[in-house]
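Residue numbers (the working numbering), protein chains in the order written: chain G, 1 to 385; chain V, 386 to 702.
Positions of the beta carbon are idealized from the N, C-alpha and C atoms, including for glycine.
These notes are about the structure you will find just below.
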Amino acid sequence: MKHRLHVLACAAACSSMVATPLLAAPPTALGKPEGKLNIIAWPGYIERGETDKNYDWVTQFEKNTGCQVSVKTAATSDEMVSLMNSPNYDLVTASGDASLRLIYGKKVQEINPALIPSWNTLDPRVKNGSWYTVAGKVYGTPYQWGANFLMYNTKLYPSAPTSWAAVFEPGKLANGQPNKGKVQAYDGAIYIADAALYLMSKNPKLGIKDPYELNEAQYAEVLKLLRQQKQLTHRYWHDVTVQMNDFKKEGVAASSAWGYTINTLQAEKFPVEGVIPKEGATGWADTTMLHAKAQHPVCAYKWMEWSLNKNLQSGLAEWFGSNPVVAEACKTKAPGGSDFCKSNGFDRFAQIRFWKTPVAKCASQGNCVPYSRWTSDYIAIMGGR
Amino acid sequence: MMSIALPIPPAAPALGLWQRLGVTLYRHPGLQLGLLLGLPLLWFLVVYIGSLATLLVQSFFTFDDFTMEVSRELTLANYQQLLQPANFDVVLRTLSMASAVTLASAVLAFPLAYYMVRYARGWKKGFFYVAVMLPMWASYIVKVYAWTVLLAKDGIVYWAYQHLGLGGVVDWLMTIPLLGGNSLTTSHLGRFAVFTYIWLPFMILPIQAALERVPLGLMQASSDLGASGAQTFRHVILPLAFPGVVAGSIFTFSLTLGDYIIPQIIGPSGLFIGSMVYTMQGSIGNMPLAAAFTVVPVVIIALYLTGARKLGAFDAL
Chain G
1 MKHRLHVLAC AAACSSMVAT PLLAAPPTAL GKPEGKLNII AWPGYIERGE TDKNYDWVTQ
61 FEKNTGCQVS VKTAATSDEM VSLMNSPNYD LVTASGDASL RLIYGKKVQE INPALIPSWN
121 TLDPRVKNGS WYTVAGKVYG TPYQWGANFL MYNTKLYPSA PTSWAAVFEP GKLANGQPNK
181 GKVQAYDGAI YIADAALYLM SKNPKLGIKD PYELNEAQYA EVLKLLRQQK QLTHRYWHDV
241 TVQMNDFKKE GVAASSAWGY TINTLQAEKF PVEGVIPKEG ATGWADTTML HAKAQHPVCA
301 YKWMEWSLNK NLQSGLAEWF GSNPVVAEAC KTKAPGGSDF CKSNGFDRFA QIRFWKTPVA
361 KCASQGNCVP YSRWTSDYIA IMGGR
Chain V
386 MMSIALPIPP AAPALGLWQR LGVTLYRHPG LQLGLLLGLP LLWFLVVYIG SLATLLVQSF
446 FTFDDFTMEV SRELTLANYQ QLLQPANFDV VLRTLSMASA VTLASAVLAF PLAYYMVRYA
506 RGWKKGFFYV AVMLPMWASY IVKVYAWTVL LAKDGIVYWA YQHLGLGGVV DWLMTIPLLG
566 GNSLTTSHLG RFAVFTYIWL PFMILPIQAA LERVPLGLMQ ASSDLGASGA QTFRHVILPL
626 AFPGVVAGSI FTFSLTLGDY IIPQIIGPSG LFIGSMVYTM QGSIGNMPLA AAFTVVPVVI
686 IALYLTGARK LGAFDAL
């Protein structure tokens, strides 16, 4: 009898494994939690109080649901995409430059927001964001967002630079020296969008509507600007630690940077500030996405619901230097008691163009230059071509 | 039992299990060899050769730029792409760095190894061995990050040069196109220094092993026959120790060729083969081009090893 049951169980489970999850509609009801949950996340994104016991948003979840959480940290979006090739993970906190790739690569599945009661507390600004909603289908729950600031040394810029021209155009610093060799650019191809964003307001005639959707003519102009910037760069930054060192020891004056970097340098009393210049800024919005072959979907839904609670959102925003996706979290006191929404740019949402993967079929103008070409051209530019 | 057709005398004691096994193996050398090598050979075929073959096959797959998807249609496009100027730059950049690092390591390592073998005695010998090996026990990442601090503009290297009155020399070096950069940490020269530092022990040890095997008698004979020190070095020591140099160069060359961490942390922008593979594989999922790039060092090393074999690097192994 027992054997029989096993066979039946397998017949059910195996057939559901064979069926392509993308074709299957998302569930309409949740069963019993499976007791386990495996998440791929940015370092510092899912804390269980091991670094600082005040920042712990896993222990309570485990108590409430019985789902044991294990976290695999990934350092880059690329690493996240590769890790998602394995069916051992249930969730991933994907940034916009990975999320569309995951959707089109059929590595994540559509979710049913009706199963997430806190969905209606979401900040309306992130609801239906194009970085996780495709053709009306929702592929995940927003988690946090942040901007790529223009970080500058306040000794070399006594008054804040108002434009990204500080890193794109030749100019002079406060000490009378040229900025050549004193600015940095990010070493990922997604940085092409930063140049496009700057050109969007500098040269409106180009007609760039979305920095991630560029036609051939616009793209050529953007590359021209980036080649000009190459002459000015100290180097292309890749590693936050190295970048901080470059500001401290190499006299770098200005660069695009994360809130985390600015906070850390300021905590060390190093004279830097971060601004969002008049052109706006690129930024990242992260989404908790469900693996197409998730083995613990119920626990995953429970986590997505849990991830929207205001205490978690406020603690995380303070800890990570990001912004909550639930507006109420701004008024919720974080463990450190800081005004994180103000310092992390919560009110500047409209000025931020969120990372998304450039695709050939684009919404604003039909045919655009896809990300694979962004990558190869940016490699050429960094190599001095 | 039929296979053991020995005419056993009835008086002989019955053979135990182990003895019978021994006899079987003795009489079937093929079986013995198979048992001994089967597992390692299988491991080697599947894990090493198998993965290399998969890699080679993948490098002929098609990557569609628009859908960013890989299809199994075979094409040579990936290899053609390798020849595009920007991609070929990556290959040249890596190759020239690997060659420069290898040459510098050999020049630095030879005198040191010679001193270790011929002159250092007692505690000094032990000291040199430990001194060469010790850095290899420390974390690679820690050492590389430490170099970013050392080479920074406010770092100790610049400080030392300035106090020696050589600040101008460094500034001048930084203006030379293929060496320079904005500062030592972002220059080819800085990257070269770090590579050489990291891989030097891998050159010293094989040279030292080769020099140990040069008989002292030959050198005495050479000087008895009236050769000068330089002649002895040129005609006796160098030819005998050269396989060691080549063996060491295989390490330094291939390690530099495959590294992708140092190029990201130290030196000017511009990818190396390793970082290129990482980008192609990870950021856009262009496995075929990543595979084609991986074939480049495989081919280079194969050519290199063929050359090294001709020079006798493996005779002493």
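- Taking a Cβ-Cβ threshold of 7 Å, the residues of chain V close to E250 of chain G are A537, K538, S568 and T570, in chain order.
- Burial state of H548 of chain V is exposed, judged by a 10 Å Cβ sphere holding fewer than 16 other Cβ atoms.
- For a cut-off of 8 Å, the C-beta gap from G31 of chain G to C67 of chain G is around 13 Å, too long to register as a contact.
- The alpha-carbon separation between I685 of chain V and V475 of chain V amounts to approximately 14 Å.
- S490 of chain V is classed as buried because its beta carbon has at least 16 other beta carbons within 10 Å across all chains shown.
- Your pair T287 of chain G and W131 of chain G checks out as a contact, with CB atoms roughly 7 Å apart and the cut at 8 Å.
- Counting along the chain, S77 of chain G sits inside the alpha helix (DSSP H) bounded by residues S77 to L83.
- Cβ neighbours of Y143 of chain G within its own chain (closer than 7 Å, five residues either side excluded): T93, D286, T287, T288, S307 and V325.
- Sequence-ordered contacts of the segment 464-480 of chain V with chain G read Q466, Q469, P470, A471, N472, D474, V475 and R478 [C-beta pairs closer than 9 Å].
- Residue range T141 to N153 is occupied by the beta strand (DSSP E) that includes W145 of chain G.
- By the beta-carbon neighbour count (other beta carbons within 10 angstroms, threshold 16), I561 of chain V is exposed.
- Inside the segment 28-54 of chain G, DSSP marks whole beta strand (DSSP E) runs of 3 or more residues at positions 36-41, from first to last along the chain.
- Beta-bridge partners of D377 of chain G (DSSP): none assigned.
- Measuring C-alpha to C-alpha distances from D210 of chain G to each of G:G366, G:D78 and G:F270 identifies G:G366 as the nearest.
- Contact between the segment 252-264 of chain G and the segment 401-418 of chain V is absent: fewer than three C-beta pairs spanning the two stretches fall below 8 Å.
- Chain order gives the chain V residues near T241 of chain G as Y530, where near means a beta carbon separation below 8 Å.
- The beta carbon of W532 of chain V lies closer than 7 Å to those of V579 and I651 in the same chain, with the five residues before and after it left out.
- Listed in chain order, the alpha helix (DSSP H) elements of length 4 or more contained wholly in the segment 591-626 of chain V are 601-609 and 614-617.
- Here the C-alpha atom of A676 of chain V lies approximately 19 Å from the C-alpha atom of T641 of chain V.
- Flagged as an interface residue toward chain V: N245 of chain G, by a C-beta distance shorter than 8 Å.
- No Cβ-Cβ contact shorter than 8 Å links Y55 of chain G with W303 of chain G.
- Judged by pairs of C-beta atoms under 8 Å, the segment 328-342 of chain G does not touch the segment 172-192 of chain G, as fewer than three such pairs exist.
- The beta carbons of A189 of chain G and T375 of chain G sit about 4 Å from each other, so the pair counts as a contact at 8 Å.
- Not a single CB atom of chain G sits nearer than 8 Å to the CB of Q443 of chain V.
- By the Cβ neighbour-count rule, Y301 of chain G is buried, with 16 or more other Cβ atoms within 10 Å of its own.
- Counting along the chain, R353 of chain G sits inside the beta strand (DSSP E) bounded by residues I352 to F354.
- Restricting attention to G:N179, G:N112 and G:A350, the CA atom closest to the CA of R235 of chain G is found in G:N179.
- Counting the other Cβ atoms within 10 Å of the Cβ of D78 of chain G gives 16 or more, which makes it buried.
- With 16 or more neighbouring CB atoms inside 10 Å of its own CB, S95 of chain G falls in the buried class.
- For G280 of chain G, the three-state secondary structure derived from DSSP is coil.
- Excluding sequence positions up to five before and after W145 of chain G, its CB lies within less than 6 Å of the CB of A285 and N323, all in the same chain and listed in chain order.
- Under the DSSP definition of a beta bridge, L535 of chain V lacks any partner.
- Only exposed fits D539 of chain V, as fewer than 16 other CB atoms lie within 10 angstroms of its CB.
- DSSP places G366 of chain G within a strand segment (E or B) once states are collapsed to three.
- Residues of chain G with a Cβ closer than 8 Å to the Cβ of V534 of chain V are, in chain order, N245 and K249.
- Against chain V, a Cβ distance below 8 Å from R385 of chain G picks out P470, A471 and D474.
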